[in-house]
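K.L.:
Chains as they are written, first to last, in our numbering: chain E, 1 to 96; chain C, 1001 to 1453. Each residue gets a CB set at the ideal place from its N, CA and C atoms; glycine is no exception. In this text, all values refer to a predicted model and were calculated from it rather than measured experimentally. Starting off with a structure, shown below.
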Amino acid sequence: MDVIVKPIVTEKMTQQGEALNRYGFIVKDRVSKSEIKKAVEEMYDVTVATVNTMRYSGKLKTRYTKSGILSGRTASYKKAIVTLAEGDKIDFYSNI
Amino acid sequence: MNIVRENIDDLNAVIKLTIEKDDYEKRVADVLKSYQKKASMPGFRPGKVPSGLVKKMYGNAVLVDEINKLVSENLSKYLTDNELNILGEPLPSESQQPIDFDTQDSFEFAFDIALSPQVEVKLTKREKIPYYTIEVTNDMVDGQIKTLTSRFGTSQNVDVVGEESLVKGDFVQIDAEGNAIEEGINAEDSVMSLAIIKDDKAKKEFVGKKVGDDIVFDPKKAFPNDTEISYLLKVTKEQAADVSGSFRFTIKEITEHVDPELNQELFDKLFGEGKVTSEEEMKTRVKEDMQKTFEMESEYRFSADAREKLTGKIEMDLPAEFLKRWMKATNRGEEQISDEQIDNDMPKFLEDLKWQLIRNEIIRTNELKIEEKDVVEFAKKSARVQFMQYGLTNLPDEHIEGYAMDMMKNQDHGRRFAEGALSEKVMEFVKESVKLDPKEISREEFNKLFENN
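See below:
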């Protein structure tokens, strides 16, 4: 089963990666911390110390157009902040 | 970090330097961090480039750079800490393993060094070094006075041509019968000096002639040089080469150079107001000046002699092979010199080096030191010499001092002056510690001394 949807590549997460060795991922909604740990360890060949997760609900989006009001909702997702064991590293920029 | 020295023989040694990861890691990281703060890359805001990327881009260059710095720092520190007197500079050893900065964590460097041999300089009164002084003869003084005064001479019109007169007149080319050739060369108002006429016969013709007289002569014979002919006849050089036959010269004007009168006015002009009042005084003054200049030459000769004597007397071994390599390495830049050239230059270079070592030893053992004022003194002296070359012998002191100070502002000059002052000190010391063998010789003999070397 797929666990990781995509890594979060932002300035904020880059900074945290360098300073605190923490990396963020968007993960599937229904996976547990232990599953995330396992998936990250396998994918990046590192040791994971802790995993923190949080669930974001999708936002309501309303647009006012000529043909009436369009309203909908963005997708909700689960975010995992993975702290690696000291010395380990994930390089998201290795293929640039 | 680990430094070991292995002596090969008395003069050669290898320094082995091992650098571990711990030694350079922090320095490299620091440099990379400062790079990261400044780096700007497309896709990132300036200063927000991930450290991994910076490392990938600059990491190796920084690593090489830092290791290079580390090596040279430690090497020179080692050399000064252990008080090793080396010749030239450390060179990478030929046995050096190639280094792969990508994969290796610890690096080993080997350097060849050459140690300077032990030198012992003993100067005693038993050593005899000739000290030549140049005799100033009356002829030389007279000659010098003549060149000095002739600058203030005047030209005067005279009636009769003398041995060294300047004559002005017209040239007309003539045929065998003495008639002017119609299409021939005519030149008006040519000026020639009798002193440069090479043909004695033609010269005699001129002497004693007056304004308005005609002289017939062959310029080709009188002036073997085509340039002079072209100037006199006002033709091109090519034409001058083809000129033949006789010319008639009509004298229009005769001038003669007259030496100025030796009077107070002239003395003032030459030596400054009121310094010299009679001819006798002028002679002594000129003689003194000449002695002063000759003294410098004597000093120079003495230093050359002393140097030769000392280098000849003191034996030492020098690591010639290493020095050859070093010379080649230092000259690698703009113009490579060939092995042959090095071989040719080597004996001279070794000789120079030997003298350098002896000099340093003299300085070290006798604690010779130069001070600011020595350097200034030397700078003033060389400034004075420079002015003397232009014929300015009696400049006021403050003027020379100002000029010397100006020259010393230039770093290059400053160093040269310091070097010169030190050499002078060494020579003074040598002069005091050995026995001088004073000899007075004539100018010609003195010049001959230099021909031999």
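(1) When you check each C-beta in the stretch 1-15 of chain E against every C-beta of chain C, which residues fall closer than 7 Å?
(2) Pull up the distance between the alpha-carbon of E/Arg63 and that of E/Ser57, whole angstroms please.
(3) Report the three-state DSSP secondary structure of E/Tyr64 (helix, strand or coil).
(4) Of all Cβ atoms in chain E, is any one closer than 8 Å to the Cβ of C/Ser1106?
(5) Are C/Ser1190 and C/Phe1206 touching if we call contact CB-CB under 8 Å?
(6) Tell me, which residues are paired with E/Gly72 by DSSP?
(7) Once DSSP output is grouped into helix, strand and coil, what is the label at C/Glu1308?
(8) Can you round the beta-carbon distance between C/Glu1127 and C/Lys1309 to whole angstroms, since I take them to be within the 8 Å contact cut?
(9) Give me the residue from C/Arg1364, C/Ala1329 and C/Asp1105 with the minimum Cα distance to C/Ser956.
(10) Find the nearest neighbour of E/Val31 within the set E/Gly68, E/Gly72, E/Ile4 and E/Thr83, judged by alpha-carbon distance.
(11) Is there contact here, the stretch 1300-1319 of chain C with the stretch 1137-1157 of chain C, by at least three beta-carbon pairs under 8 Å?
(12) Which residue spans inside the stretch 1192-1238 of chain C form an unbroken beta strand (DSSP E) run of at least 3?
(13) Buried or exposed for C/Phe1450, going by 16 or more other Cβ atoms inside 10 Å?
(14) DSSP three-state label for C/Leu1091, please.
(15) Specify, as a first and last residue, the run of the beta strand (DSSP E) that C/Val1258 falls within.
(16) Quick check on E/Tyr44 - is its C-beta less than 8 Å from some C-beta in chain C?
(17) What does the Cβ neighbour count give for C/Lys1354, buried or exposed, with the cut at 16 atoms within 10 Å?
(18) Is any beta-carbon of chain E found at less than 8 Å from that of C/Gly1052?
(19) Measure the Cβ-Cβ separation of C/Ala1421 and C/Val1375 and say whether it is below 8 Å.
(20) Does E/Thr50 pass the burial test, meaning 16 or more other C-beta atoms within 10 Å, or should it be called exposed?
(21) Report the partner residues of E/Tyr77 according to the DSSP bridge assignment.
(22) What's the C-alpha gap between C/Val1028 and E/Lys37?
(23) Is the separation between the beta-carbon of C/Val1141 and that of C/Ile1254 shorter than 8 Å?
(24) Please classify C/Lys1348 as buried or exposed, where buried requires at least 16 neighbouring CB atoms within 10 angstroms.
(25) Which residues does DSSP pair with C/Leu1115 in a beta bridge?
(26) Can you check the stretch 1358-1446 of chain C for any alpha helix (DSSP H) of at least 4 residues that lies completely inside it and give the ranges in chain order?
(27) What residue range is occupied by the uninterrupted beta strand (DSSP E) comprising C/Gln1173?
P.N.:
Taking the geometry as given:
(1) Glu11 and Thr14
(2) 19 Å
(3) strand
(4) no
(5) no
(6) E/Lys61
(7) helix
(8) 7 Å
(9) Residue 956 of chain C cannot be examined here, being either before or after the span of chain C that is shown, 1001 to 1453.
(10) E/Ile4
(11) no
(12) 1214-1217
(13) exposed
(14) strand
(15) Phe1247 to Val1258
(16) no
(17) buried
(18) yes
(19) Their beta carbons are under 8 Å apart, which means C/Ala1421 touches C/Val1375 by this criterion.
(20) exposed
(21) E/Tyr56
(22) 33 Å
(23) no
(24) Exposed, since its Cβ has fewer than 16 Cβ neighbours within 10 Å.
(25) C/Leu1115 is bridged by DSSP to C/Ile1086.
(26) 1372-1389, 1397-1409 and 1411-1433
(27) Residues Leu1166 to Gln1173.
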